[in-house]
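**Student:**
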Amino acid sequence: MNDLNEERAFTSQCLIQKIGGECAGTHPALREAANTQLAAMLSVFEGTIRAGQDAGEFRTDIPVARLAKYLHAQLYGAHTLARLSHDRSVMDQGLQMALTYISS
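For the sequence shown, position 13 matches number 85 in my numbering, and the numbering has no gaps at all.
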């Protein structure tokens, strides 16, 4: 994800992020559609985290859904900061810190 963002010069291709940031507060139908897609994305994160927990790599004291939301927030927050600064290190540091937090 970090490599792709850097290759694309930190331009956001994520419609969920764009709709969530620009329209979700004033357009309920767009908010619902974006939320549905976000839930699908979070389920992928959850599956990956569960696999990590099964392998003993990720912590189990926090529910999977909360860890998925945390990881998503960290990754997309770091992407926003990197897009503003055109500095990939923000994304790399955010990912490393998030993985440290969720690791067992």
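We put the CB at the ideal spot given by N, CA and C, even for glycine. Bear in mind the structure is a predicted one, so any value in this text is a computation, not a measurement.
(1) What does the alpha-carbon distance come out to for the pair Ala96 and Phe130?
(2) How close, in whole Å, do the beta carbons of Leu110 and Ile134 come, if the pair is a contact with beta carbons under 8 Å?
(3) Hey, quick one: how far does the alpha helix (DSSP H) through Glu117 stretch, first residue to last?
(4) Between Asn74 and the rest of its own chain, which residues show a CB-CB distance below 8 Å, the 5 nearest in sequence each way excluded?
(5) May I ask which residues mark the beginning and end of the alpha helix (DSSP H) holding Ser161?
(6) Grab the span of the alpha helix (DSSP H) containing Arg155 for me, first residue to last.
**Tutor:** Here's the rundown:
(1) For Ala96 and Phe130, the gap between their C-alpha atoms comes out near 32 Å.
(2) With 8 Å as the limit, Leu110 and Ile134 do not qualify as a contact, their Cβ atoms being about 19 Å apart.
(3) What sits at residue 117 in the sequence shown is Phe, not Glu. First-last of the alpha helix (DSSP H) with Phe117: 100 to 126.
(4) Here the set comprises Arg160, Met163, Asp164, Leu167.
(5) Start and end: 160 to 174.
(6) Residues 136 to 157.
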